[in-house]
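**Q** For the sequence shown, my numbering gives the first residue as 1, with consecutive numbering after it.
We put the beta carbon where it would ideally sit given N, CA and C, even for glycine.
Computed from a predicted model, the values in this text were never measured in an experiment.
Here you go, one structure.
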Amino acid sequence: MVVIRLSRGGAKARPFFNIVVADKRTRRDGRFIERIGFYNPGAKDNEEGIRIAQDRLTYWRGVGATPSPTVERLIKQAAAKTPA
């Protein structure tokens with residue numbers, strides 16, 4: 001099964017997350033299929049906090065990848081910030 005989830009990076013006390021498509025059986029920070037975005041919870045006002053490639057997200061959902069609950073929340077948050 002393929003999932004869309006967060007992979008942690010960054011330094012101690014300064015997290016940075018990549019939004020990746022991975023096999024469910026791999027480790028959180030292990031091998032992944034594709035990186036489709038990032039989430040920076042410590043972003044300042046002038047920095048970009050979240051970016052998701054919508055075309056790749058649509059593709060992976062179309063072929064059956066399921067997002068984790070946290071990624072689902074981030075997708076909704078990114079969609080709310082993006083002007084229509």
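Just how far apart, CA to CA, sit Gly10 and Thr26?
**A** Against the sequence shown, residue 10 aligns to sequence position 10. Against the sequence shown, residue 26 aligns to sequence position 26. Near 20 Å, if we compare the C-alpha coordinates of Thr26 and Gly10.
**Q** Let me know if Gly64 comes out buried or exposed under the rule of 16 or more other beta-carbons within 10 Å of its beta-carbon.
**A** For the purposes of this step, residue 64 is taken as residue 64 along the sequence shown, with counting starting at 1. Looking at its Cβ environment, which holds fewer than 16 other Cβ atoms inside 10 Å, Gly64 is exposed.
**Q** Alpha helix (DSSP H) containing Val71: first to last residue?
**A** Along the sequence shown, one-based indexing puts residue 71 at 71. Residues Pro69 to Lys81.
**Q** The beta strand (DSSP E) with Arg28 in it runs from where to where?
**A** What you label residue 28 is simply residue 28 of the sequence shown in a count that begins at 1. Here Arg28 belongs to no beta strand (DSSP E), and DSSP marks it neither H nor E.
**Q** Under the assumption that Ala43 contacts Gly37 (Cβ atoms under 8 Å), give the Cβ distance between them as a whole number of angstroms.
**A** For the purposes of this step, residue 43 is identified with residue 43 of the sequence shown, where counting begins at 1. For the purposes of this step, residue 37 is identified with residue 37 of the sequence shown, where counting begins at 1. Actually they do not touch by this definition, with Cβ atoms about 13 Å apart.
**Q** Starting from the Cα of Asp29, find the closest Cα among Ala13, Glu47 and Ile4 and give me that residue.
**A** Within the sequence shown, the letter at position 29 stands for residue 29. Measuring from the Cα of Asp29, the nearest candidate turns out to be Ile4.
**Q** Based on DSSP bridge pairs, tell me the residues matched to Pro15.
**A** Here the question's residue 15 lines up with position 15 in the sequence shown. Per DSSP, Gly10.
**Q** Rounded to whole angstroms, what's the CA-CA distance from Ala79 to Lys12? Just pull it up for me.
**A** Position 79 of the sequence shown, counted from the first residue, corresponds to residue 79. Position 12 of the sequence shown, counted from the first residue, corresponds to residue 12. Answer to the nearest angstrom: the Cα atoms are 29 Å apart.
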